[in-house]
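Working notes, beginning with the structure itself.
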Amino acid sequence: MEGAMRSDAKVRGESGTESSPRGPGCSLRHFACEQNLLSRPDGSASFLQGDTSVLAGVYGPAEVKVSKEIFNKATLEVILRPKIGLPGVAEKSRERLIRNTCEAVVLGTLHPRTSITVVLQVISDAGSLLACCLNAACMALVDAGVPMRALFCGVTCALDSDGTLMLDPTAKQEKEARAVLTFALDSVERKLLMSTTKGLYSDAELQQCLAAAQAASQHVFRFYRESLQRRYSKS
Amino acid sequence: MAEAAAVVAESLAGGRARAARTVLDQVVLPGEELLLPEQEDADGPGGAGERPLRLNAGARARVRVVCGPGLRRCGDRLLVTKCGRLRHKEPGGGSGGGVYWVDSQQKRYVPVKGDHVIGIVTAKSGDIFKVDVGGSEPASLSYLAFEGATKRNRPNVQVGDLIYGQFVVANKDMEPEMVCIDSCGRANGMGVIGQDGLLFKVTLGLIRKLLAPDCEILQELGKLYPLEIVFGMNGRIWVKAKTIQQTLILANILEACEHMTADQRKQIFSRLAES
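Chains as they are written, first to last, in this note's numbering: chain A, 2 to 236; chain B, 27 to 301.
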C-alpha cells in the first residue's frame, strides 16, 4: 500500500516537460514547466526559464467579498510575492500588468460574482521575471480549468547600446541594456495583449522587437502544447 | 523581411479552424476554433455533390449540435475554452448532430442543474438551510424539500450534517438551489447521510470515471469489504465500512485510483484480500 503511495508522488512529479536549450534558431533560454504540483489550489504550475523560476497557484471561481464583487463578471486578483522581503511598489505594478493580461483572456462573464485569484511566488530571479510570471500564470489558469478565450505568453527583449536585440535576457544583460521591453502575446493570432517598456528606443526598434517577440512566442506556444499533451496522455 | 513573412504565415496557419471530426480524442487548447461537419462540406470543392439551390446564399440548414462543457459557440464555429480531450457522442434518437465536449481535469466544482452532489449544512436561517457544495456560493435547501416534510413535520437536519441532493436551479446568475426529492416527490436515495463514515475530496474527472457504467473499480471494492458509498459530482465521496481501518483503506484506494494503472490496482486489491 505504501509502495503505491510513493510511486504516485513520483508519477505526479514527472508531469513536467522541458524544452531544448538556446539553439541557433531560437534564442530563448531552456524552459521547463510542471503542472498540478500543489494540492490545495485548484490549479498550479511552475515555470522555469533559464535560472528564473516562478510558482503560480490559481483559486477559482470561488467566493468573493461583497465589496469586491462585480455583478456581471469574475473579479480577477493577482498576488505576486518576491523571493525576499515584503512586496513593494514594483510588485504592485507587475501585479496590475499581469491582471490586465489575464482579464483580457479569461472569460469572466461565465462566472459573475466570483473571484479568480492567481498567486505567484518568485523562486529565483535571473532576468525576464515578468515574462516568466505571465507564462506561469497562463499554465496555472489552464490547470485550474478556468475558461479562457486563448492562451498567452510573455517574451522579454533587451536592446543594448549598439542596437542588438537580445531575447529572454539574463539579469546581467538586462542591467547593461539600453532598453528592456516585455510583451504579452495571445495564442490565436499572436496579437499584443500587454506591453511594458523601460529605457530608450526608437519607433523602428519597437516594431523590430515586437516582430522578434511574436516569432519567439511560437516556440513558447509549441512548448505549451507539448506540455499539455504529455499531461493528458498520462490519463 | 523573411522573418516577418514567416511570422505572418505561421500566424495564419495557427488561426485556421480545423474540422471537429478530425480532432476527436485529441488534446485541444483554449483558443482553437472547430468547424462543424456540414460547414466543412459547404467549404469543400464546390459543385461536386448535389445540393439544392438556395435562394439566400448565406444561410445553410445546420444540423443541431449540442455544445457541451469546455466549448462555446463563436459565430458559426465552436471555440475551445478549456484544455482537454475533445469527445463526441452520437445522437441516440437520430435527430441532431450529437454532443461535443471537452474532457478536462479539474478540481473546482461549478454547479450544474440536475447534478447530484454531497453538501455540508453550514447554516439554518428561517425556512432554508445553507449548504456548502464546493462552488463559489453556498446552495440553498428548503426544509420542505425532503420526503414527507410538511410545515408541522420538519426534517431533522442540523448544522454540520451531510446532505445528498440534486440541483434544481444552477446558473451563473442566481444562487444555486438544491432539493432532496425527485420530481415525483420521493427521496430516491437523497437526504441526510447517516452517522459515521468518512467524507473526502477527489478531482471531478475521477468521479466521472468511477460513475461510468463500465467501471470495474466499484465492483472490485465491493468484493473487498462490504461498504456504503455515496458519490457527489462536486468531487466529494462519502464512504463507510464496518471498521475505521477498513474505511480509511477504502478512502486511500479511491484517492490513489487517479494515478494508478489497472495492473497496480489489481495488485493492491489482491494484497489486501490476502491480509
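Beta carbons are placed, not taken as given, at the ideal position from N, Cα and C, and that holds for glycine. The model shown is predicted, which means the values in this text are computed figures rather than measured ones.
Cβ pair residue i, residue j closer than 8 Å
{"i": "A185 of chain A", "j": "G128 of chain A", "result": "no"}
{"i": "G134 of chain A", "j": "V55 of chain A", "result": "What sits at residue 134 of chain A in the sequence shown is Cys, not Gly. Result yes, Cβ atoms of C134 of chain A and V55 of chain A sit closer than 8 Å."}
{"i": "I275 of chain B", "j": "F226 of chain B", "result": "no"}
{"i": "P181 of chain B", "j": "V159 of chain B", "result": "no"}
{"i": "V147 of chain B", "j": "V185 of chain B", "result": "yes"}
{"i": "E78 of chain A", "j": "S116 of chain A", "result": "yes"}
{"i": "G200 of chain A", "j": "A178 of chain A", "result": "yes"}
{"i": "K108 of chain B", "j": "G44 of chain A", "result": "no"}
{"i": "L142 of chain A", "j": "V107 of chain A", "result": "yes"}
Neighbour flag for residue i against chain A, beta carbons, 8 Å
{"i": "E163 of chain B", "result": "yes"}
{"i": "G141 of chain B", "result": "In the sequence under discussion, the amino acid at residue 141 of chain B is Asp, which differs from the Gly named in the question. So, not an interface residue."}
{"i": "R111 of chain B", "result": "yes"}
{"i": "S296 of chain B", "result": "no"}
{"i": "P56 of chain B", "result": "yes"}
{"i": "K177 of chain B", "result": "no"}
{"i": "T269 of chain B", "result": "no"}
{"i": "R99 of chain B", "result": "no"}
{"i": "S130 of chain B", "result": "yes"}
{"i": "K14 of chain B", "result": "Only positions 27 to 301 of chain B appear in the structure, and residue 14 of chain B is not among them; the question remains open."}
{"i": "T273 of chain B", "result": "no"}
{"i": "R47 of chain B", "result": "no"}
{"i": "D102 of chain B", "result": "no"}
{"i": "R134 of chain B", "result": "yes"}
Span separating the alpha-carbon of residue i from that of residue j
{"i": "D51 of chain B", "j": "L60 of chain B", "result": "13 Å"}
{"i": "G109 of chain A", "j": "T76 of chain A", "result": "8 Å"}
{"i": "P62 of chain A", "j": "S301 of chain B", "result": "44 Å"}
{"i": "R134 of chain B", "j": "A217 of chain A", "result": "33 Å"}
{"i": "K177 of chain B", "j": "G96 of chain B", "result": "42 Å"}
{"i": "C103 of chain A", "j": "C139 of chain A", "result": "8 Å"}
{"i": "N101 of chain A", "j": "L194 of chain A", "result": "9 Å"}
{"i": "A46 of chain A", "j": "L182 of chain A", "result": "25 Å"}
{"i": "C118 of chain A", "j": "V59 of chain A", "result": "For clarity, residue 118 of chain A is Thr in the given sequence; the question names Cys instead. So the two alpha carbons sit approximately 6 Å from each other."}
{"i": "A5 of chain A", "j": "V125 of chain B", "result": "Because the pLDDT at A5 of chain A is just 34, under 50, the model does not fix this residue reliably, and the point stays unresolved."}
{"i": "L247 of chain B", "j": "R291 of chain B", "result": "11 Å"}
{"i": "G94 of chain B", "j": "A196 of chain B", "result": "16 Å"}
{"i": "V156 of chain A", "j": "P252 of chain B", "result": "57 Å"}
{"i": "E96 of chain A", "j": "A57 of chain A", "result": "13 Å"}
{"i": "D69 of chain B", "j": "C34 of chain A", "result": "Annotation note: pLDDT 48 at D69 of chain B (below 50); position unreliable, no value reported."}
{"i": "N136 of chain A", "j": "P239 of chain B", "result": "39 Å"}
{"i": "L38 of chain A", "j": "R212 of chain B", "result": "43 Å"}
{"i": "H31 of chain A", "j": "Q50 of chain A", "result": "6 Å"}
{"i": "L244 of chain B", "j": "L121 of chain A", "result": "39 Å"}
{"i": "S68 of chain A", "j": "I279 of chain B", "result": "43 Å"}
{"i": "S94 of chain A", "j": "Q219 of chain A", "result": "27 Å"}
{"i": "G86 of chain A", "j": "E92 of chain A", "result": "11 Å"}
{"i": "G215 of chain B", "j": "E190 of chain A", "result": "51 Å"}
{"i": "Q131 of chain B", "j": "Q272 of chain B", "result": "28 Å"}
Minimum Cβ-Cβ distance from residue i to chain B less than 8 Å
{"i": "G24 of chain A", "result": "Because the pLDDT at G24 of chain A is just 43, under 50, the model does not fix this residue reliably, and the point stays unresolved."}
{"i": "M149 of chain A", "result": "yes"}
{"i": "H220 of chain A", "result": "no"}
{"i": "D43 of chain A", "result": "yes"}
{"i": "A145 of chain A", "result": "yes"}
{"i": "Y202 of chain A", "result": "no"}
{"i": "A63 of chain A", "result": "yes"}
{"i": "P113 of chain A", "result": "yes"}
{"i": "V156 of chain A", "result": "no"}
{"i": "V189 of chain A", "result": "yes"}
{"i": "L29 of chain A", "result": "no"}
{"i": "Q230 of chain A", "result": "yes"}
{"i": "L108 of chain A", "result": "yes"}
{"i": "L152 of chain A", "result": "yes"}
{"i": "R226 of chain A", "result": "yes"}
| query | Which full runs of the beta strand (DSSP E) of 3+ residues lie inside the stretch 198-239 of chain B, going along the chain? | reply | 203-205, 224-227
| message | For the pair the stretch 195-206 of chain B and the stretch 168-176 of chain B, tell me if three or more CB-CB distances fall below 8 Å. | response | yes
| task | Would you mind listing the alpha helix (DSSP H) stretches within the stretch 146-181 of chain A that are 4+ residues and don't spill past its ends, in chain order? | result | 172-177
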